[in-house]
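Chemist: One structure, pasted below without further comment.
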Amino acid sequence: MPALMNAGISDEARSFIRSLFAGDCSGHDYWHSIRVYENTARICDTEPNADRSAVTLAALLHDADDRKLGGDWVNMPNAVGFLRSHEVPEDRISFIVHIISQVSFKGKDTETPDTIEGQVLQDADRLDAIGAIGIARAFAYGGSRGRPIYDPNNIPRGDMSEAEYFSGTPDSIAHFHEKLLLLKDMMNTAEGKRIAERRHSFMKAFLAEFDSEWCGND
Ligand code: ADP
Ligand code: NI
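Following this note's numbering, the numbering of the sequence shown begins with 217 at its first residue and continues without gaps.
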């Protein structure tokens, strides 16, 4: 295997994303990518066929060109530029870019990654979108985009295409119904499914409590 993960590249990738995401308050800060990295390492422990060095490096770089953050998600100049500057072979760069390109949620147009590495990364990113951390991130993201916590007049949408998903501006509670509550049943790996169960239950309990307080039933 090519020396993709020479001792320093993971540390260099951390420094790179630390400066790239400096000042982010949308839930896509440096620590999101670090948590996704840790999640990939955890899932790789149970997926011996996954190329751990590729998937963990992809985890560190997965949001470097994210469209929600104004990035060029087609050409991925940040991720590609970083990898080229560290002399990663072009075929490995293509592989890492391919993994990253399949990670995102796009409503009913969401892709199931065609590699185990892509499936691990997608699960790892999704785990950070649910549970207690996912709740915190959803409201941070909504606030950063000027969206209300909850608007009872707004009916969550279902069965959205990629274009519909990205054109909507829902309140943050609606985002739970439009995406976050769907993720548990979309996990790819056994370990991802296992961890998602508990995080999903916590989100359901949170939403029930939110509703009870909102309606004065508590
Ligand atoms: P993905 O690539 O699947 O979108 P990311 O890691 O880039 O995954 O970030 C997704 C997170 O951004 C969501 O889990 C949520 O916290 C936040 N987010 C995205 N859209 C919204 C929204 N409309 N309202 C609230 N949070 C959102
Ligand atoms: Ni992410």
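Cβ atoms here follow ideal geometry from the backbone N, Cα and C, with glycine treated the same way.
(1) What whole-angstrom Cβ distance do asparagine 265 and aspartate 339 have, given they're in contact under 8 angstroms?
(2) Might you give, ordered along the chain, the residues of its own chain that have their beta carbon closer than 8 angstroms to the beta carbon of leucine 220, omitting 5 neighbours on each side?
(3) Label glutamate 263 either buried or exposed according to how many other C-beta atoms from any shown protein chain fall within 10 Å of its C-beta, with 16 as the threshold for buried.
(4) Alpha carbons only, please: which of Lys284, Val296, Glu425, Arg258 is nearest the one belonging to arginine 410?
(5) For tyrosine 438, which of Gln318, Pro368, Glu380, Pro386 has the nearest alpha-carbon?
(6) Tell me whether histidine 391, by its Cβ, gets closer than 6 angstroms to a heavy atom of ligand 1.
(7) Please identify the residue among Ser428, His278, Phe392 whose C-alpha is closest to the C-alpha of isoleucine 315.
(8) Taking a cut-off of 6 angstroms, which residues have a beta-carbon closer than that to any heavy atom of ligand 2, in chain order?
(9) Check the DSSP bridge columns for lysine 324 and list the partner residues they point to.
(10) Applying the criterion that 16 or more other CB atoms from any shown protein chain within 10 Å of the CB defines a buried residue, is glycine 334 buried or exposed?
(11) If you run the structure through DSSP and keep just helix, strand and coil, what is proline 329?
(12) What's the call for glutamate 413, buried or exposed, on a 16-neighbour Cβ count within 10 Å?
(13) Going along the chain, which residues of its own chain have a beta-carbon closer than 7 angstroms to the beta-carbon of phenylalanine 311, five neighbours each way excluded?
(14) Could you pull the start and end residues of the alpha helix (DSSP H) that proline 293 belongs to?
Modeler: Checking against the coordinates, here is how it stands:
(1) Not a contact, Cβ separation roughly 15 angstroms.
(2) Residue placement at leucine 220 is poorly supported in this model, since its pLDDT is 46, which falls under 50; the coordinates still yield a value, given next. Taken in chain order, the residues that qualify are Ser269, Ala270, Leu273, Val304, Pro305, Arg308.
(3) buried
(4) Arg258
(5) An answer regarding residue 438 cannot be provided, because it is not within the stretch 217 to 434 covered by the chain.
(6) yes
(7) His278
(8) His248, Val252, His278, Asp279, Asp341
(9) Lys322
(10) buried
(11) coil
(12) exposed
(13) Ala270
(14) 293 to 301
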